[in-house]
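Notes follow once the structure below has been shown.
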Amino acid sequence: MMILHLFLVFICLLQSVTVIEGQKKYCSVCRALVSEVEWLISQVDPKKSIQVGSFRVDPNGNQKIKDKQYARSELHIEEIIESVCENLQNNYAWLDFDDGTGQMVRTVGFNGEKLDDKGFNLDREKGRKLKYQCDNFLEDHEEELITLFQNEHIPNYEVFICANKLAVCSNKDVAMPLFTLPKAKDEVEIGDAASNADVKDGGATEDVESDDVNLDETNSDSYRDNDFSDEL
316 MMILHLFLVF
326 ICLLQSVTVI
336 EGQKKYCSVC
346 RALVSEVEWL
356 ISQVDPKKSI
366 QVGSFRVDPN
376 GNQKIKDKQY
386 ARSELHIEEI
396 IESVCENLQN
406 NYAWLDFDDG
416 TGQMVRTVGF
426 NGEKLDDKGF
436 NLDREKGRKL
446 KYQCDNFLED
456 HEEELITLFQ
466 NEHIPNYEVF
476 ICANKLAVCS
486 NKDVAMPLFT
496 LPKAKDEVEI
506 GDAASNADVK
516 DGGATEDVES
526 DDVNLDETNS
536 DSYRDNDFSD
546 EL
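Read in order, the letters of the sequence shown correspond to residues 316 to 547 in the numbering used here.
Shown next as structure tokens:
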């Protein structure tokens, strides 16, 4: 009986460890997913709206329709969530910290810029496999996520969704910001060079335009008609 009792205790402990490890993986997936969705939402023109509600006419001849910001509409969030796990697979890796903990981190910037991963202990294969964790996570929580992301004016969506609502992260987990790799050196240099070139080109463009007008004042109306400033 004692052996059976110890065996059952061992099984329970093993299951508890498995659940905790699963929650940790889901925590990383949830945080990365929230980060992806929130960035995509932020890229939508806040003035863009969509009509939601019922188009049925009530006895008073009214329709219960209202305008809602498109960025946080159910339609837009559904579209985003359909591709978010693919984004995690392509743009993330698992980063192991020296203390034995780890996080999912982006290996490519949101705008496609290179990030410097030299000196970091990245496990890209483990990162790619976490796509399946993401798929499983969505199977369990997709409807909840679509509803939760429609809430507006939330101070911190990671805390709100991953800790408070879905409880896959602890408050301690979400208190530490997601780690971000620095920009690659060549990416920074290219950006600085482009900025300097823009400044130089801007000055040269003004000189050329001024010369054109002074050289042929009779074509000033034509020059104004072909002014491309509105396109910039």
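All C-beta atoms, glycine included, are put in the ideal place defined by N, C-alpha and C.
Could you check what DSSP says for residue i in three-state terms: helix, strand or coil?
i      : result
Lys498 : strand
Lys433 : coil
Glu353 : helix
Ala482 : coil
Gly424 : coil
Gln404 : helix
Can you name, in chain order, every residue of its own chain whose Cβ lies under 8 Å from the Cβ of residue i, other than the five neighbours on each side?
i      : result
Glu393 : Ile461
Trp354 : Phe425
Tyr447 : none
Can you tell me which of the options puts its alpha carbon nearest to the alpha carbon of residue i?
i      : options                        : result
Lys433 : Val483, Ala499, Val474, Met419 : Ala499
Val367 : Phe452, Ser388, Ile356         : Ser388
Lys429 : Tyr447, Pro497, Gly415, Ala347 : Pro497
Val423 : Val344, Thr495, Arg346, Leu390 : Thr495
Glu493 : Thr416, Asn377, Asn466, Ile380 : It is Leu, not Glu, that sits at residue 493 in the sequence shown. The option with the nearest alpha carbon to Leu493 is Thr416.
Please classify residue i as buried or exposed, where buried requires at least 16 neighbouring CB atoms within 10 angstroms.
i      : result
Ile395 : buried
Phe412 : exposed
Arg421 : buried
Asn406 : buried
Ile476 : buried
Gly442 : buried
Leu390 : exposed
Ser343 : buried
Lys362 : exposed
Only counting the same chain, and skipping five residues up and downstream in sequence, which positions put a Cβ closer than 6 Å to that of residue i?
i      : result
Pro474 : Sequence inspection shows Val at residue 474; the Pro mentioned does not correspond to that position. Counting only Cβ-Cβ distances below 6 Å, and skipping sequence neighbours, we find Val489.
Asn402 : Glu351
Tyr341 : Phe452, Val483
Ala386 : Ile356, Val359
Ala519 : Note that Ala519 has pLDDT 45, beneath the 50 cutoff, so the model's placement of it is unreliable and no number is given.
Ala478 : Cys484, Asn486, Val489
Leu348 : Val399
Cys345 : Cys477, Val483
Beta-carbon within less than 7 Å of residue i's beta-carbon, same chain only, minus the 5 sequence neighbours each way: which residues are those?
i      : result
Lys383 : Ser364, Ile365, Val367
Ala408 : Val420, Thr422, Leu437, Asp438, Arg439, Gly442
Tyr472 : Val349, Glu353
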